[in-house]
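**Q** So the sequence shown is numbered by my numbering: it starts at 1200 and just counts up by one.
All C-beta atoms, glycine included, are put in the ideal place defined by N, C-alpha and C.
Following this message is one structure expressed as structure tokens.
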Amino acid sequence: MVNFAEQLKNQNLSAGEKLEPEALIVAQKVLFGMGLNGIPKSYSDFLKKYNGVKANGAYLFGATVDNELDIIDCNEQMPKPDGTLLLGYNDFDLLVFDFSNKQYQIVDREDMKVLDNYPESEMDYALAQIFNV
1200 MVNFAEQLKN
1210 QNLSAGEKLE
1220 PEALIVAQKV
1230 LFGMGLNGIP
1240 KSYSDFLKKY
1250 NGVKANGAYL
1260 FGATVDNELD
1270 IIDCNEQMPK
1280 PDGTLLLGYN
1290 DFDLLVFDFS
1300 NKQYQIVDRE
1310 DMKVLDNYPE
1320 SEMDYALAQI
1330 FNV
């Protein structure tokens, strides 16, 4: 199995500030208020270690509001497929979570076509694909 957190150690990355439990709760509530089903458990567990990451032109959103790339603002402002939670992007693709199928998806940024699917249990593979590691 790919361990994305271990692969990140070899990258020139910038991570967000430490995630306070209250920030995650607030983010979940706001996302529910936006009609989304919150943050998948696997991604919220990742946020507890890496609250937003950027490296080599790829980004994963953090849960701290008012952060440069917070998950709430990005889901309000960026285009994404309906019924999905936008989690990150690179130059060509988006990383989303599809609630109806309970899977991570890599989606083309231009035509919004799904390129790859990963079950929630294989989140590391989806994250690695966005970062090309």
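I need the boundaries of the beta strand (DSSP E) containing Asp1297, first residue and last residue.
**A** Run containing Asp1297: 1292–1297, per the beta strand (DSSP E) assignment.
**Q** Run through DSSP, which three-state label would Asn1316 get?
**A** strand
**Q** Pick helix, strand or coil for Gly1287, following the three-state DSSP scheme.
**A** strand
**Q** Can you give the beta carbon distance from Tyr1324 to Gln1302, rounded, assuming they're within the 8 Å contact cut?
**A** Not quite, the Cβ-Cβ distance comes to about 11 Å (not below 8 Å), so this is no contact.
**Q** In the DSSP assignment, what are the bridge partners of Leu1259?
**A** Val1252, Gly1287
**Q** Per the contact definition of three or more C-beta pairs closer than 8 Å, is the segment 1253–1260 in contact with the segment 1222–1241?
**A** The answer is no - the segment 1253–1260 does not touch the segment 1222–1241, with fewer than three Cβ pairs under 8 Å.
**Q** Cutting at 6 Å between CB atoms, please list the residues of its own chain near Leu1235, excluding the five before and the five after it.
**A** Leu1284
**Q** When the Cα of Val1313 is compared with those of Leu1294, Met1322, Asn1289, Glu1319, which residue comes out closest?
**A** Leu1294
**Q** Which one of Gln1276, Leu1286, Pro1278 has the shortest CA to CA distance from Ile1238?
**A** Leu1286
**Q** Just the Cα atoms here: how many angstroms apart are Phe1298 and Gly1282?
**A** 7 Å
**Q** Taking DSSP's pairing of strands, which residues face Asp1269 in a bridge?
**A** Gly1261
**Q** Got a sec: is the Cβ-Cβ distance from Leu1230 to anything in chain E below 8 Å?
**A** Looking at the structure shown, chain E is missing, and only one protein chain is on hand.
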